Ligand code: FO1
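So this is what it looks like as structure tokens:
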């Protein structure tokens, strides 16, 4: 069974890792959000691509979900001593990724080619692809701090500012690489990993050409909300600021135009009835993925369900 997985940062990377452990090389393509990307110290940084790639390479820092395991921060500490901006921590080995990506971009290579280059360098079995090669920075318009880049909002201001609007800059100029379109066309199903629907999955769906391909596939999402809280990050808070109840129901409604099924955590089974009223079926299971065995378990649950539903 061929799967396309849509992933953002930490939550998405966990399920992507579980799927990569149970699917052969030709049966899984991971498409990653690039709206979080930004330039810092002149380096082009792609947090979600790096989180997914490091996680599949087994070199991610498990405590934070980003950066490289056991990395040092000598450059970061010196920058801080020199009075440079220190709100975004760049590990010494992580810097090597940002330096090489920036060098290759300046040499005219596409973000897709660079991402696949790192996949080869770090011996990753499955293709990891950016949702597009054009810069489409997510901007967050906030009440207190005005317009912020996503990383300023998320890291510098610890997602405290009240969100008024989320903008995917230049998204209508974006074009998915042909390998992204091929992956969709060959897929039996699309799995939306438990990433933030508003800032991690929505940018992917907004790249011209992606939504119409979703409509023709069986689509399954794993809820990023458990018990009314986002597992990580600002989702529940942003929902609250938009007057939306942070529940899996709104996640399902967010994807309603093409969603067939949503996996909920056992503690949220009470939302199932309301979700079914929108014609979306649900499965209740343990969707927490603290370690690799649980990521594999959830991936296997999903594939078993899809095999029954599709074939
Ligand atoms: N997140 C933080 O909360 N603090 C950091 O200092 C930080 C540094 C960082 C460096 C490289 C990288 O790839 C990610 C980093 N992140 C950091 C996480 C990042 O902001 C988020 O993972 C995504 O953008 C949200 O999905």
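In my numbering, the protein residues as written are 630 to 940. C-beta: ideal position from N, C-alpha, C; glycine also. These numbers come from a predicted model, not from an experiment.
Cβ-heavy atom distance, residue i to the ligand FO1, below 7 Å
i	result
residue 834	no
residue 660	no
residue 718	yes
residue 739	no
residue 751	no
residue 821	no
residue 744	no
residue 637	yes
residue 764	no
residue 829	yes
residue 680	yes
residue 646	no
residue 670	no
residue 1013	Examination of residue 1013 is not possible in this model, given that the chain is present from 630 through 940 alone.
residue 759	no
Integer Cβ distance of residue i from residue j, believed to fall under 8 Å
i	j	result
residue 817	residue 631	5 Å
residue 722	residue 700	5 Å
residue 759	residue 808	Not quite, the Cβ-Cβ distance comes to about 10 Å (not below 8 Å), so this is no contact.
residue 850	residue 900	Not quite, the Cβ-Cβ distance comes to about 13 Å (not below 8 Å), so this is no contact.
residue 860	residue 823	7 Å
Residue i to residue j span [Cα, whole Å]
i	j	result
residue 671	residue 893	41 Å
residue 888	residue 911	10 Å
residue 719	residue 655	33 Å
residue 779	residue 792	11 Å
residue 882	residue 785	31 Å
residue 831	residue 909	19 Å
residue 819	residue 880	16 Å
residue 691	residue 698	7 Å
residue 843	residue 813	8 Å
residue 717	residue 939	44 Å
residue 732	residue 739	11 Å
residue 726	residue 934	37 Å
residue 736	residue 867	39 Å
residue 680	residue 674	11 Å
residue 761	residue 803	6 Å
residue 747	residue 905	42 Å
residue 653	residue 753	12 Å
residue 854	residue 711	41 Å
residue 877	residue 827	13 Å
Closer than 7 Å: residue i CB and nearest the ligand SAH heavy atom
i	result
residue 721	The ligand SAH is not among the ligands present in this structure, which contains only the ligand FO1.
Chain B contact for residue i (CB, 8 Å cutoff)
i	result
residue 905	Annotation note: the requested chain B is absent from the structure, which comprises a single protein chain.
Inter-stretch contact (C-beta, 8 Å, three-pair minimum) for the stretch 683 to 692 and the stretch 644 to 657:
The stretch 683 to 692 makes contact with the stretch 644 to 657: 3 or more CB pairs, one atom from each, lie closer than 8 Å.
Taking 8 Å as the threshold, find out whether the stretch 759 to 775 comes into contact with the stretch 796 to 806 through three or more Cβ pairs.
Yes, the stretch 759 to 775 touches the stretch 796 to 806.
Validate contact between the stretch 632 to 641 and the stretch 658 to 666 using beta carbons, cut 8 Å, 3 pairs:
Between the stretch 632 to 641 and the stretch 658 to 666, the count of Cβ pairs shorter than 8 Å is three or higher; the stretches touch.
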